[in-house]
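One structure is given below, encoded as structure tokens.
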Amino acid sequence: MNPSTDPTSPALGQVLEHGSDETAPEANEVWRRLDSMSQLLHQAAKTVWARADEDGPTSPLHSLGLGIYLAHGQTQLLLPEDLLDAESDLELGLEVDVDEVDARTAVQLLTEVEELSRPLPVWRADLIHGSQLVIDVCDLLREAQHLDC
Amino acid sequence: MTAEPPPPSPVSASVPAGGAAFAAVEAELFDADAVPFATGDIRTVGEMLADVDHQARLLLLDVDGDHAGGLVRGWPALVTAASELWAALPRTGYADEPHDRPMERLVAHAATIDNSLSSGWPGRGDPDHRVTHMTETLQAAGSLVRRYGPEISGHGAALRQDLQAARSRTMHSLYVAAHAGSVALHSHGYDRYREARQAGRKVSLSTVHSPYVVAPTATWVGRFATAEAIAGRYLAGGLIAGVAGEVRPPADDHSRIPRALAGWDIQAHRTLATRSSAADNVIVSRTQALIAGVSLLLVDADAHHRAATTSAGDDSTKERLTSSLDAVGRAWNNLASRWDDLPAPTDRPDSKLLRASAEVRAAYRELTHDATTTFPPHVIAQHPGLERALNATLAAVESGPELADVLAEKASQPGLVGRARALSHRAHNDIEAGLATPDPTGDVVWVSPADIHARRLVALPEPVASGLERASRECVAACGRASASTVTSSSRSHPTIAAGMEPPPRTHEPMAAKDGARRQAPHH
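The listed protein sequences derive, respectively, from chains A and B.
So that you can map any letter, position 74 of the first sequence is 74 in the working numbering, and since no number is skipped, the others follow by simple counting.
So that you can map any letter, position 479 of the second sequence is 479 in the working numbering, and since no number is skipped, the others follow by simple counting.
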């Protein structure tokens, strides 16, 4: 068994709440969800920046794009470092169809990120900063809707 | 209490050149006592004390019998940290100050508790993590006061009241924490009583503190009740009266943007010096682009303000400045877009860089944004913090060339890799746009479809590598021009800068030249 998917292994044990009843597949589902959020946020930032670059340096879209990219960074930081080795098992990076997301607006992408964030167990010790991420995503979605992008 | 770490003093121009001068500067830079702590905590002492008070209240809201042991174990360290902060607060000139006595009693009392820990329950072990957080915050506040407290001058009533407020907050935190300890101990006693009853053992009820608090818990309850009483007597007039003279930062904090930009400048340099991550480079470039974009807004707002209040400024200077700021914004954005092709899906940015960038963005939004979009310039022009924000922003633009230099060095490093799909798009787009020279042999597949399909990281194709280096050079040049324009504009248009804060006009030097100059400097 790969150590990364073995619930008794220290690597995965670090990312499971001590004493929780959570199983390894449930934990992996959280990481897959976060990974999908991260990719969608990255794509949303690129979409916003592409429009901002057309509008010029004073466009309010630059601030929105940076905010979305920082949220993407927050999501990356929530993912455990040892998942780099577990990528093939968890199939991270394969959840999002890049050709399909290319055609979507930032509002659509952020809406999906917000929906993905709803079941996140933000009360867990290792996802304690997830609540800030959820709030940021809601603010960014509101801003993107207002700027119609 | 609002004592903030002051900015480092500039080296006096009268300091003689040579080894002695360098030694003096190094002593200040590397003296362990002169650097209070380096946890990235930028709160003031007043904010830390308010946090400890808040944590104590939260602790009281959420304690039960299971927490009793941890609270007892954490109490001696908490009192020690509070007493050290207390002792560090500037004195008002009297050798024996009456407000010291309650704290001295608490320290002596906590020492006896510490001595008794090993003799039975609860024993040595981990303290409650909330008490540990309070202790660490008090230690950080004490460290700040020891470092910067001696620089506080004056003996006015306002200062005395602020110091008294700091003592009252500290004592109130201990008072509430002691009460939380008592509550937890009572609960612990009741738990033990209930367990004994369930096990069929008879327990005689106590008549002292609570019917359910029996030995040995009763001893601990008595000790915490004593500590609570000592702290309570100090606060006999009430906390509100005790903190009546507390200095609080104004709700409209005009120093937030300068502070955020100073923090950003330091953190960006630190991150680029110690890490090699394309995600960091994207954040640095995009944040610099945001600074350039906001500087255009602020220059425009400043022109509105000047037109409304005094005579019009020099239009040609403003035009040169806005033109160079516009160019530097575009250059940073172009560079960021190219760096964004490189990070792997699992590339993690530096968390401190992330926070510094977020603080810059948030600070600017207070000045320039309605809830979701930017204010028009005439609205920004009415903001009292405009001038400080503009000066700090132009100073940040002036330091842009150094960051651009570092990123240019990173762009020319061999072995850069990026996401296959993004690099393929970039190579074809650059060739189509005439930004890169097409391969003379015809249409070349720059990235293999197999790599794209497998989402591999691949080496930068030649058009992408040369495009990244070209964008870096353009950014360095644009930053140099913007830096020169801001210096000229500042000296002509801003009386505050021209009068005493004007940075020396500088020409942009390549890093290699600066390094050479450093190597020639005397070093002891």
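Built from N, CA and C at the ideal position, the CB exists for glycine as well.
| field | chain B contacts from the segment 58-86 of chain A (Cβ-Cβ distance under 8 Å) | value | T58, S59, P60, H62, S63, G65, L66, G67, Y69, L70, G73, Q74, Q76, L77, L79, E81, L83, L84
Determine, for S399(B), whether the minimum Cβ-Cβ distance to residues of chain A falls below 8 Å. no
Checklist line | Beta-carbon spacing of P122(B), V72(B) below 8 Å | finding: yes
I'd like to know whether the C-beta of V137(A) is nearer than 8 Å to at least one C-beta of chain B. no
Minimum C-alpha distance to H72(A) - residue among L133(A), D148(A), D139(A): L133(A)
TODO: Kindly list the residues whose CB is nearer than 6 Å to the CB of I257(B), restricted to its own chain and excluding five residues on each side of it in sequence; keep chain order.
DONE: A363, A389, A392
message: Within 10 Å of its beta-carbon, does P376(B) have 16 or more other beta-carbons around it, so buried, or fewer, so exposed?
response: exposed
Does DSSP put Q145(A) in a helix, a strand or coil?
helix
- Message: Looking at the strands, I want to know which residues DSSP matches up with G418(B).
- Response: V458(B)
- Query: So which residues on chain A does D340(B) lean against when the C-beta distance must stay under 9 Å?
  - Reply: H42, A45, K46, W49, Y69
Please confirm whether D162(B) and E84(B) have their CB atoms less than 8 Å apart. no
(Q) Per DSSP, what are the beta-bridge partners of T374(B) in this structure? (A) H369(B)
Self-check item: Residue-chain proximity (E29(A), chain B), Cβ-Cβ < 8 Å
Solution: no
inquiry  = Assess contact between the segment 472-484 of chain B and the segment 320-329 of chain B, defined as three or more Cβ pairs (one per stretch) separated by less than 8 Å. Is contact present?
reply    = yes
Exercise. Which stretch, first to last residue, makes up the alpha helix (DSSP H) that contains P401(B)?
Worked result: 400-411
| request: Could you tell me whether any Cβ in chain A is nearer than 8 Å to the Cβ of P349(B)? | output: yes
Query raised in the report: Taking Cβ positions only, does L147(A) come closer than 8 Å to chain B?
Result: yes
**Message:** Among the candidates N281(B), A292(B), E359(B), whose CA atom is the shortest distance from the CA of R348(B)?
**Reply:** N281(B)
Review point. Taking three-plus beta-carbon pairs below 8 Å as touching, is the segment 174-182 of chain B in contact with the segment 194-201 of chain B?
Key: no
**Request:** Using a Cβ cut-off of 8 Å (strictly closer), state whether E143(A) contacts chain B.
**Result:** yes
Contact set for P503(B): own chain, Cβ-Cβ below 6 Å, skip 5 residues either direction = Annotation note: pLDDT 39 at P503(B) (below 50); position unreliable, coordinate value reported separately. Excluding positions up to five away in sequence, the list is empty.
With distances taken Cα to Cα, identify the nearest neighbour of A482(B) among G46(B), G434(B), S323(B), R426(B). S323(B)
### Task
For the segment 354-366 of chain B, enumerate the residues whose C-beta is nearer than 8 Å to any C-beta of chain A, in chain order.
L354, S357, A358, R361, Y364, R365
Along the chain, where does the alpha helix (DSSP H) that runs through S448(B) open and close? No alpha helix (DSSP H) contains S448(B), which DSSP labels as neither H nor E.
For N333(B), which residues in chain A fall below 8 Å Cβ to Cβ?
W49, A52, D53, P57, H62
### Backbone CA spacing between R361(B) and T346(B) [nearest angstrom]
24 Å
Compute the beta-carbon to beta-carbon distance between H172(B) and L89(B), rounded to the nearest angstrom, for a pair I have assumed lies under 8 Å. With 8 Å as the limit, H172(B) and L89(B) do not qualify as a contact, their Cβ atoms being about 15 Å apart.
Discussion item. Here's a check: name, in chain order, each residue in its chain whose Cβ is nearer than 6 Å to the Cβ of A56(B), leaving out the five neighbours to either side.
Written reply: S173, V176, A177
Can you tell me which of G242(B), K410(B), D302(B), H378(B) puts its alpha carbon nearest to the alpha carbon of T274(B)?
K410(B)
Length of the line joining the Cα atoms of A433(B) and H425(B)
12 Å
Using only CA atoms, which one of L367(B), T373(B), P414(B) lies nearest to H254(B)? L367(B)
Under 7 Å, CB to CB, which of the residues in the segment 227-249 of chain B have a partner in chain A?
none
> Does the distance from the CB of A82(B) to the CB of L159(B) come in under 8 Å?
Replying inline: no
*Is the Cβ of E502(B) closer than 8 Å to any Cβ of chain A?*
Because E502(B) sits at a pLDDT of 39, beneath the cut-off of 50, its placement in the model cannot be relied upon, and the following sentence gives the value as read from the coordinates. E502(B) does not count as touching chain A.
Next item on the list: Please compile the residues from chain A whose C-beta is within a distance smaller than 7 Å of the C-beta of L296(B).
Entry: P57, T58
- request: Can you say whether A86(A) is buried or exposed, counting buried as having 16 or more other CB atoms within 10 angstroms of its CB?
  value: Residue confidence for A86(A) is low, a pLDDT of 46 falling below 50, so the modelled location carries little weight; the figure read from the coordinates is stated next. Buried, since its Cβ has 16 or more Cβ neighbours within 10 Å.
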